[in-house]
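Everything on this sheet refers to the single structure shown next.
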Amino acid sequence: MHWYNPTTRVAEIVLAPYTDEEAEDMLRGAADSWAFLMEYERLRGEGMGVEQALVFVGHLFSSWHPGHQPVGWLMGGCAREQRRT
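801 is the number of the first residue of the sequence shown in my numbering; add one for each residue after it.
So this is what it looks like as C-alpha cells:
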C-alpha cells in the first residue's frame, strides 16, 4: 500500500492492514495520533474499507505537514523536471 504515514511524516510503501486494530496501531505513536484515529474511525463508520480509510487519513494529514513529498514524486515526471533545472 502506498500512503503518507502521518505519525512519521514520511510517504512509504507498506503491507496493508487487514483489521482495524492493525490500522489503528499504524496511526499511534505521535502527539496528534488522537486526530488520526478520530478521522480513521469516522471514515470506517461511513463504510470505508480498512485500507482505503488509512490511505485517506494519510492523504488528509499530509496537508498538515507541508514538507511532505508524495510517494513516487522522485520516480515520476517531477524528478525529470527537477534534473533539468
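We put the CB at the ideal spot given by N, CA and C, even for glycine.
Note that the coordinates shown come from a computational prediction; the quantities given were computed from them, not determined experimentally.
Let's test the definition: count the other Cβ atoms within 10 Å of the Cβ of residue i and tell me whether it reaches 16, buried, or not, exposed.
i           : result
residue 862 : buried
residue 915 : Not covered by the structure: residue 915. The range shown for the chain is 801 to 885.
residue 838 : exposed
residue 857 : buried
residue 853 : buried
Would you list the residues sitting across from residue i in a DSSP beta bridge?
i           : result
residue 811 : 804
Out of the options, which one is the CA nearest neighbour of residue i?
i           : options            : result
residue 841 : 823, 806, 805      : 823
residue 851 : 814, 830, 835, 831 : 814
residue 806 : 827, 847, 834, 845 : 827
residue 845 : 833, 820, 834      : 820
residue 830 : 860, 817, 859, 808 : 808
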